[in-house]
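Taking it in order: structure first as structure tokens, then the write-up.
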Amino acid sequence: MNSAKMKAIVCTKYGSPEVLQLQKVPKPIPKEKEVLVKIHASSITAADTMMRKGKPVYARLFLGLTKPKNPITGTGFAGVIEAVGEGVSLFKVGEEVFGETVFGFGANAEYTCVAEDGLFLTKPLNVSFAAAATVCDGALTSWNFLKIIGKIQKGQKVLINGASGSLGTAAVQLAKYFGAEVTGVCSAANVELVKSLGADKVIDYMRSDFTQNGETYDLIYDTIGASSFSKCKKALTAKGAYLSPVLSFSLLLQMLRTSIFGSKKAKFSATGMLPVPDLKVYLKELKGLLETEQLKMVMDRAYPLQEVAKAHWYIDTGRKKGNVVAIITDFADISDVADK
Numbered sequence: 176m177n178s179a180k181m182k183a184i185v186c187t188k189y190g191s192p193e194v195l196q197l198q199k200v201p202k203p204i205p206k207e208k209e210v211l212v213k214i215h216a217s218s219i220t221a222a223d224t225m226m227r228k229g230k231p232v233y234a235r236l237f238l239g240l241t242k243p244k245n246p247i248t249g250t251g252f253a254g255v256i257e258a259v260g261e262g263v264s265l266f267k268v269g270e271e272v273f274g275e276t277v278f279g280f281g282a283n284a285e286y287t288c289v290a291e292d293g294l295f296l297t298k299p300l301n302v303s304f305a306a307a308a309t310v311c312d313g314a315l316t317s318w319n320f321l322k323i324i325g326k327i328q329k330g331q332k333v334l335i336n337g338a339s340g341s342l343g344t345a346a347v348q349l350a351k352y353f354g355a356e357v358t359g360v361c362s363a364a365n366v367e368l369v370k371s372l373g374a375d376k377v378i379d380y381m382r383s384d385f386t387q388n389g390e391t392y393d394l395i396y397d398t399i400g401a402s403s404f405s406k407c408k409k410a411l412t413a414k415g416a417y418l419s420p421v422l423s424f425s426l427l428l429q430m431l432r433t434s435i436f437g438s439k440k441a442k443f444s445a446t447g448m449l450p451v452p453d454l455k456v457y458l459k460e461l462k463g464l465l466e467t468e469q470l471k472m473v474m475d476r477a478y479p480l481q482e483v484a485k486a487h488w489y490i491d492t493g494r495k496k497g498n499v500v501a502i503i504t505d506f507a508d509i510s511d512v513a514d515k
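In structure tokens, the structure reads:
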């Protein structure tokens, strides 16, 4: 019987950040073909806040009807393999790794177990644990939307709505990597940040409506779901596409309609629900960009594990720039975090 304990953030029920509690829970033991990771840093995302709220409500069919069935929050992690289960051959004790637990959650904790064929890789040496913990949120999702869903091409005009967030800061860099002309949309306070990431043009959404300025784009990637296909339609080129990771009933209807009629398309993808082998291919490609510094994770704030609820309050304000992390150990270098 396992008597060892660890600290973890537990979501006791759906609701405000107050439902998140620091608790001592059993330390996991790796099963066959699993590795035990001592977590140095883990991500805290907008998706985490939605899961905490149990929204959209239909998601509770997967998350748990009355409360989360996987109560330890967080999915993105970076740390060191402390132990391996029987039959593990792909990783060894002492290796630095980063990745995501996907629907296993459990990353806002001191330890987690993941299958050796799960969504994680050895960590790039030039990337901090704090930054590596965030890669599977914005960067992985944006890679899927731009390359796979949007089929981005060199020379295309691409607009990123919500360009200063986790998905947006990665998307600006990735769209430039693919050779696109990039326009970012954000608040005035974040214009210089988005320019520094390589955006050719930046629009302050409070001063100008990108759907009304006469410009057209091959891809409009609405990272925050703040607009809609209907509003963006006239800002799309003849064969342009509106991409959003935020599913709504209206977007679902537009996807169905545009799949049959018209040359302009509305598209959605639930990146986290894609097959792990596919996601791992994308993650390997992102790792290469991180190693060559063609992609950098934008870090906003870092919180100690016991203050994850404060991080949720901050993310709920809608003012997050890039990524937010929970710092689990002193080894999680936070020199690249703006607000330490």
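The sequence shown begins at 176 in the working numbering and counts up one residue at a time. C-beta: ideal position from N, C-alpha, C; glycine also.
Near Leu372, what residues of its chain come up, given a Cβ to Cβ distance below 7 Å and the 5 sequence neighbours on each side ignored?
Around Leu372, the same chain offers Thr344, Val347, Gln348 as residues with beta carbons nearer than 7 Å, after the five sequence neighbours per side are excluded.
Suppose the cutoff is 7 Å on Cβ atoms and the five residues either side in sequence are ignored; what does the same chain contact list for Thr504 look like?
Taken in chain order, the residues that qualify are His215.
Look at Pro231 and Cys186 and say whether their C-beta atoms are less than 7 Å apart.
Pro231 is not a Cβ neighbour of Cys186, given a cutoff of 7 Å.
Quick check: the segment 311-328 against the segment 417-425, are there 3 or more CB pairs under 8 Å?
As far as the Cβ criterion goes, the segment 311-328 touches the segment 417-425, which means the pair count is three or higher.
Can you tell me which of Pro299, Tyr380, Val366 puts its alpha carbon nearest to the alpha carbon of Ala374?
Taking only the C-alpha atoms, the option nearest Ala374 is Val366.
Is Gly343 helix, strand or coil when you go by DSSP?
Shown here, Gly343 sits in a helix according to DSSP, grouped into three states.
Exposure of Phe278, with buried meaning 16 or more beta-carbon neighbours within 10 Å
Exposed, by the Cβ-count rule.
Exposure of Leu428, with buried meaning 16 or more beta-carbon neighbours within 10 Å:
It counts as exposed.
By the DSSP assignment, the alpha helix (DSSP H) with Gly313 in it spans what residues?
313-318 is the extent of the alpha helix (DSSP H) around Gly313.
Note the first and the last residue of the continuous alpha helix (DSSP H) segment covering Arg432.
Residues 424-433.
What is the residue span of the alpha helix (DSSP H) that Phe273 lies within?
Not the alpha helix (DSSP H): Phe273 falls in the beta strand (DSSP E), residues 271-275.
Out of Val310, Ala401, Val200, Lys332, which has the shortest C-alpha to C-alpha gap to Ala410?
If we check each option's Cα against that of Ala410, Lys332 comes out closest.
Across the segment 301-308 and the segment 253-262, are there enough close Cβ pairs to call them in contact, namely three or more that are closer than 8 Å?
Taking 8 Å as the limit for Cβ pairs, the verdict is that the segment 253-262 does touch the segment 301-308.
Neighbour-count burial assignment, Pro479, 16 or more Cβ in a 10 Å radius:
Answer is exposed; the Cβ neighbour count stays below 16.
4 or more residues per run - each alpha helix (DSSP H) lying fully within the segment 349-403
Fully enclosed alpha helix (DSSP H) runs of 4 or longer: 366-371.
In the DSSP assignment, the alpha helix (DSSP H) including Ala486 goes from what residue to what residue?
Counted as a single uninterrupted DSSP element, the alpha helix (DSSP H) harbouring Ala486 occupies residues 483-491.
Any non-hydrogen atom of the ligand ADP closer than 6 Å to Ser178 Cβ
The ligand ADP is not among the ligands present in this structure, which contains no ligands whatsoever.
So Phe295 and Leu334 are supposed to be a Cβ contact under 8 Å. How far apart are they, rounded?
Not a contact, Cβ separation roughly 32 Å.
Alpha carbon to alpha carbon, what distance is there between Lys228 and Lys180?
Taken atom to atom, the span from the alpha-carbon of Lys180 to that of Lys228 is near 27 Å.
Same chain, Cβ closer than 6 Å to Leu454, five either side skipped, listed in chain order
Contacts found: Leu294.
According to DSSP, what are the bridge partners of Cys186?
In the DSSP assignment, the residues bridged to Cys186 are Leu195.
According to DSSP, is Pro205 part of a helix, a strand, or is it coil?
It is coil, neither helix nor strand.
Near Tyr457, which residues of its chain fall below 7 Å by C-beta distance, leaving aside the five closest residues on each side in sequence?
Leu315, Trp318, Asn319.
Ignoring anything shorter than 3 residues or poking outside the segment 253-310, list the beta strand (DSSP E) runs there in chain order.
Taking only runs of at least 3 residues, the beta strand (DSSP E) segments lying wholly in the segment 253-310 are 271-275, 286-290, 295-297.
CB of Gly274 within 7 Å of CB of Pro205, strictly:
No, Cβ-Cβ distance for Gly274 and Pro205 is not below 7 Å.
Ordered along the chain, which non-local residues of its own chain (more than five positions away) have a Cβ less than 6 Å from that of Cys288?
Shown here for Cys288: same chain residues with a beta carbon closer than 6 Å to its own, the five before and five after excluded, namely Pro203, Pro205, Glu209, Leu211 in chain order.
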